[in-house]
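Numbers -21 to -1, 1 to 741, taken from mature numbering (1 follows the signal peptide of the UniProt record, and there is no 0), label the letters of the sequence shown in order.
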Amino acid sequence: MKRLLSALAAAGVLVVSGAAAAPAAAAPTDGGRLPVKPVPATQVWTTRQLSQPGTQSPVWLRMEVDQLVPRAVIGGTPNSVKVTGKIFNVGDRKITEIDLRLERGDPLTKEEDVKSALREPVQSELVRQPTFTPISESLEAGQSAAFSLEVPLSGDDPTSLQITEPGIYPILANVNGKPDFGGRARLAALSTLLPVLSVPGGGSVAAPPNPAKVTVLWPLVDRPRLVTSGPPGEAVLTDDDLAQSLSLGGRLHSLLKAYDSAVTSGLASSVCVAVDPDLLRTVEAMSKGYRVRDQGPGRGQNEAKLWLDQISRLTAGRCVMAVPYADADLVALSRAKLVDLGKLAVTGAEVVQDVLGQVQALPGVVWPEDGLLDKQTMADLMAQGVRSVVLDQSGVADAPGTQPVRLQDADAAPVTAVRIDSLVSDALRGGSDGSGGLSGVSTPTETKPVSVQNALAALTFRAGFQGNGQNVVIAPPRRWNAPVGEMQVFLDTVKSLVGGGYLAPVGLDTLVSGATVPEQVGTLSYPVEAGAKEVPPAITAGVGASWATLQSMFESMSQEDSGASQPADLVDPLRLELLRGVSGAWRGNDAAALGSIAIGQEEIGKLQGQVMVIEPNSPILLGSGDSPVPVTIKNKLDVRINVRIVIEDKPGIKAKQLGDLVLPARGDRLVRVPVEVLRSGRFSVNVLLTTPNGVVLGETVRLEVSSSAYGTITIVITATAAAALVLLSARRIYRRVRASRLPKVEVPEDASSVTPEKSSTS
């Protein structure tokens, strides 16, 4: 029975549809993840065309069940089950002879039978099929009719369920009718479980001598919304939906109201609030006044104040545990080697105390997303001082049962693993994927239905049929969205089981106190399918790049004096913003994760933009080839920062590298950067600031530089040409002087009268 058990809310609605494409409106959602308002305790089931397997029948009826009484037959209850609600004709034709009956199957008394029923609906016909009760003679398209059906639990009445012994009973609400132009058929059906510990007028299950020990984790977790925090009125949120969640009837308001009822009813010792420190920071910022990004002032300041005051009052002196900051995906951080961010994520106990005053969160306790850790993440947590973890049963191997275990993977100090009871907690989550279906019933159209009734049956089974002292740690979904009525029904049932001696309350603080190290030893187990749910590497890579940029800036900062701001005051909020980018709330929603990362990158960019080069109003004139370029740099931060001026080489000009410079807080500085002009003319020079590690600060500024001076190369060429000219001139003069000093040869006046002598051979 996958997504089988619906939460039949005392004040909620349960919807049953007649086809897989039921038109019931989906619960309002917030960012694709969280409902803005608490949806009714609903589950939509649809019928298939039985005569043609594999095809879907038209949508005929929708049944809304307002009330099921009792939710659990524990003792002192009347000998009847009452169901009230409405039937709606949502088809396109008239339907006649609309009847309803409750059917039951054999009692489930073994754990495997209960698990099977929670996974898949019972495939066989139910063993007891009482007489149908007419609901309406006919309904035209669009019409509806209220109904109220009360049937005996036991006895020989034709409508009786004839329950004779305790057990966990499969129950089917079966609606039949006859559409025009069709035959009579089942048009809607709802399957659920009815726990029976005591049959009115019959047998009952006695309270065990060693009752099961119950611990309830009460999650107060949302998705990240805070963009920036600061002085009153300067905080910025991504949206204003949290205001509605904190107000009367909202999801977080309902969770706190239900917890209040647990405190006043005496269950406080067994309930531990698991709160997201980022949620507390966000609500605290809202309580001082805030703005909504691109929208203006927020409207939830008063609601935030009241909610914050209430949680502070209710949790004072009671068990409180901080989930990772922003519910960050610790395994994804560990895989990405972002150990420092992972360390920051598990320091939420300090935030809880800072925001809530005297409230002390359990130190060194971590409840990771899905209750699963791999070995590397566990080693990282141990290095950060974590000594207790809350894990799902599937996260621990080699140790059957539900008792706390000692992890033998721990080489240093022992680590206690408190295990969540998957039978009860998975029922609250509504099963794994919602697939499967009862005969004539297909998958629910709601992917994550509220399933309090499932959990009541599973818890009653643990308490009444397995009460051998085992631990039952119950963890509702991280972002639980049940109506307050359903939450209170769940807590009231826990209280009844405690009062009847079937359960004994035990606080989480007792399980992780360290007073006694568990004798049973287990090993970490990280299922293969868990890896597919992690925040993907593409997301963590973006976070890692932003983290490197932020750390480089932090290392370049220093405090001006003892009364000035500290670098951490500027950087820490942005570190937390990066954690919001790897929140478990974004699992399966990469677009939302990328949007969150973009917000963090934008805020880091604003910090980088506070240190800049000032663009001059007019071109810079250089009087000589080695005249320095004056550059004005400015720091708007409240801390000192080390910077480096970088001038890009351009044809005609070459800059010389300067050493690192210190910019004072809220100050500026004129720096003369030595350059070498290679030719005269006008140049565009790009100037930017970086940290000593190369992270760019501010924007690149283009300077217009004009020079009429000769550059060094021109001078060298000119000098060389001049020297060559001098040498050539000197050589010519030398040759002339030398020639002038040679002896002269006398020539006869009448050389033509001289007759050459004849040769002797002539």
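Quick reminder that beta carbons are idealized off the backbone N, C-alpha and C, glycines included.
- Secondary structure at Q372: helix, using DSSP grouped into helix, strand and coil.
- Here L323 is near L555, since their CB atoms are less than 9 angstroms apart.
- When only Cα atoms are considered, L287 and E465 end up about 23 angstroms apart.
- Burial of V60 is indicated by the presence of at least 16 other C-beta atoms within 10 angstroms of its C-beta.
- In this structure P546 is in contact with V618, their Cβ atoms being roughly 5 angstroms apart against a cut-off of 8 angstroms.
- Note on geometry: alpha-carbon atoms of Q387 and V496 lie some 12 angstroms from one another.
- Apart from sequence neighbours up to five positions away, the residues of its chain that approach T679 with a beta-carbon distance below 6 angstroms are N665, L667, ordered along the chain.
- With a beta-carbon spacing of about 40 angstroms, V154 and P484 fall beyond the 8 angstroms limit used to define contacts.
- In the structure shown, F111 falls within a coil segment according to DSSP collapsed to helix, strand and coil.
- Just so you know, the alpha carbons of Q339 and A328 end up roughly 7 angstroms apart.
- Annotation for D85: no beta strand (DSSP E) segment contains it, and DSSP assigns it neither H nor E.
- Rounded to whole angstroms, the gap between the alpha carbons of Q372 and V397 is 9 angstroms.
- Annotation for E91: no beta strand (DSSP E) segment contains it, though the alpha helix (DSSP H) segment containing it runs 90 to 98.
- With a contact defined as Cβ atoms closer than 8 angstroms, V652 and I624 qualify at about 6 angstroms.
- Rounded to whole angstroms, the gap between the alpha carbons of A186 and V331 is 39 angstroms.
- The Cβ atoms of T439 and L470 lie no closer than 9 angstroms to each other.
- If you draw a straight line from the Cα of Y269 to the Cα of P516, it comes to about 33 angstroms.
- DSSP places W197 within a strand segment (E or B) once states are collapsed to three.
- With a cutoff of 9 angstroms on beta-carbon distance, L360 and G321 are scored as near each other.
- Fewer than three pairs of CB atoms, one per stretch, sit closer than 8 angstroms, so the stretch 288 to 296 makes no contact with the stretch 216 to 224.
- For S226, no alpha helix (DSSP H) run applies, since DSSP gives it neither H nor E.
- Between D647 and I612 the beta-carbon gap is near 6 angstroms, inside 8 angstroms, which marks them as a contact.
- As the crow flies, the alpha-carbon of G275 is around 44 angstroms from that of I66.
- The beta carbons of E76 and S127 sit no closer together than 9 angstroms.
- No Cβ-Cβ contact shorter than 9 angstroms links I583 with S685.
- Just so you know, the alpha carbons of F160 and R72 end up roughly 9 angstroms apart.
- By the Cβ-count criterion, A437 is buried, with 16 or more other Cβ atoms from all chains shown falling within 10 Å of its own Cβ.
- Secondary structure of E282 (DSSP, three-state): helix.
- Proximity to T143 across K94, P158, V52, V215 peaks at V52, based on C-alpha coordinates.
- At the C-beta level, L176 and R83 stay beyond 9 angstroms of one another.
- In terms of Cα proximity to P210, the closest of T489, R260, S708 is R260.
- Spanning the alpha carbons of D551 and V468 requires a straight line of approximately 42 angstroms.
- Beta-bridge analysis with DSSP links L682 to V664.
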